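Enquirer: Heads up, the final residue of the sequence shown is numbered 702 in our numbering, and it's a clean run with no missing numbers. We put the beta carbon where it would ideally sit given N, CA and C, even for glycine. Here the structure is a predicted model, which is why all the values come from computation and not from measurement. I have a structure I would like to understand better, so I am pasting it below and will then ask my questions one at a time.
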Amino acid sequence: MAISRRSTNKATKAAHKAKKPMGAVTLAQAGASIAATRKPKTARGARILKQKEPQLVEKVKRALMLFGGKSSQLLKDAMLGIATVKGKEDVVRLARRNDGVRPLEAGGEVLLEKLARQWECGLFTLATHSKKRPNNITVGRVYDGNLYDVLEMAVQRYEANGFAEKDASVPIPNVAPNSKPMMVFSGAGFERSARGKLAKNVLVDLFRGRIVDNVNLAGVDRVVLCFLGPDSGAAAGNNVSDDEPDEGVVYVRHCAVVLKKSGQNAPSMDGGRPIHLPYVHLVDVGPSFEFRLGRYRLPPPEVAKEACRRSLKPSDKAAERKASLKNTESDELEGRVGRMYAPRQDLSDLQAVSMKRMAARERRLARREREDEEEEEEEEEEEEDDN
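Written out as structure tokens, the structure is:
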């Protein structure tokens, strides 16, 4: 029986409709399937997988930058500016479009989580452009391979060299690449609402640079200023709900720190010579942004509690040092007890004493003792005869 091409196409479409939609895949199912497939077979593989687990102290949090189905030139420039402020060494930029990445929709985070695990990134920025939400950048974090939180920010303005007017006769100060910046947050909205707190938390993770133990104040040459104020543009109200009216636009300025003479001194702590206090002048060198806050999603309470759990030790160094000591345990009587591996000793080449030679040696020693005793007795008898 011959089957026409038209009936075959109908059967194919019906089979596709009968399949389970992508949105039905949940985070728990995706994480469970990945955990089930990644089982270490060797000790080295177990160590590598352990390094990819959530760390107590994460020195570098890399950012994954990718584009959605559509984008604009403003989004491309803004993504390049974000990479410049964060540090291009800690950024992974993907040029291919990703139509299936929709973090705020059910099932749209599966591909994003896969890419984050592949490139080992704890942050992501997704640039999308549509008629309903133009020039939109979605910023979020990934914890333990799963999506943690998401925040949408619409780009209203962007300037690569800053918004402030510059004098052509005054040279623009240089900023060292990948240097650790200072961050200043201004605005009650950062502490008043859930969206403002999330925006502050995400911006800190995005722009703070690498985590270090000590900072040389002479090397601090830039500062990131973040101000949350009312929306002054004509496009206000597109993505902002009425339940949080105190939030509007986040103004981000990237400024260089210029130290000048102030003529003021401060007494030193050791009672020595006074310290000269400089006059701090900020120059807007860019990139500078204006983001309008949009939709957001907070992590579940149990996941947030696990992600924010800290060590019981007073410092992270003590926790790392304790984790590096292996095969040790504490005992109430002996204190800290450790186990050491000692290889089995090969006794085949050990030179042992012959039993026959040992018996002959004992006989010689016994004969010498008897001879000595006989000589002593003869000497005593001779002395008695002389007397």
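#1: For a test of your reading of the model: does the CB of P449 fall under 7 Å from any non-hydrogen atom of the ligand NAD? Yes or no.
#2: At which residue ranges does the region 362-389 contain complete beta strand (DSSP E) runs of 3 or more residues, listed in the order of the chain?
#3: Does DSSP put N580 in a helix, a strand or coil?
#4: Could you check which residue in E474, Y463 and E373 has the C-alpha nearest to that of P616?
#5: Around the C-beta of P582, are 16 or more other C-beta atoms found within 10 angstroms, so that it is buried, or is it exposed?
#6: With R359 and E435 assumed to form a contact (beta carbons below 8 Å), what rounded beta-carbon distance in angstroms separates them?
#7: Expressed to the nearest angstrom, what Euclidean distance is found between the alpha-carbon atoms of P486 and V567?
#8: Scan the region 390-445 and note each continuous alpha helix (DSSP H) run of 4 residues or more that stays entirely inside, going in chain order.
#9: Helix, strand or coil, according to DSSP, for K641 in the structure here?
#10: Hey, would you say L438 sits closer than 8 Å to L521, going by beta carbons?
#11: What is the DSSP secondary structure of P486, reduced to helix, strand or coil?
#12: Between the C-alpha atoms of M394 and P488, what's the straight-line distance to the nearest angstrom?
#13: Skipping 5 residues on each side, what residues in its chain have a beta carbon closer than 7 Å to that of A491?
#14: Please list the terminal residues of the continuous beta strand (DSSP E) segment that includes A704.
#15: Considering only the beta carbon of each residue, do P418 and T453 sit closer than 8 Å?
#16: Within 10 Å of its beta-carbon, does N580 have 16 or more other beta-carbons around it, so buried, or fewer, so exposed?
#17: If you measure between the beta carbons of V517 and L466, is that distance less than 8 Å?
#18: Looking at V572: is its Cβ nearer than 8 Å to the Cβ of V595?
#19: Less than 8 Å between C-beta atoms, sequence neighbours within five positions excluded: which residues of the same chain meet that for L574?
#20: For I452, which residues does DSSP report across the bridge?
#21: Quick one: measure Cβ to Cβ for A479 and G396, integer angstroms, because I've assumed they're closer than 8 Å.
#22: Just tell me which of G383, S494 and R682 has its CA closest to the CA of V530.
#23: To the nearest angstrom, how far is it from the Cα of A361 to the Cα of E428?
#24: With distances taken between CB atoms, is the gap from V416 to L379 smaller than 8 Å?
Expert: In short:
#1: By its list of ligands, the structure shown contains no ligand whatsoever, and the ligand NAD lies outside what it can speak to.
#2: 378-382
#3: strand
#4: Y463
#5: exposed
#6: Going by Cβ atoms, the distance from R359 to E435 rounds to 17 Å, so no, they are not a contact pair.
#7: 23 Å
#8: 425-434
#9: coil
#10: yes
#11: coil
#12: 23 Å
#13: D536
#14: This structure leaves residue 704 out entirely; the chain is present only between 316 and 702.
#15: yes
#16: exposed
#17: yes
#18: yes
#19: P593, Y594, V595 and H596
#20: A442 and M468
#21: The Cβ separation is near 16 Å, so there is no contact.
#22: S494
#23: 21 Å
#24: no
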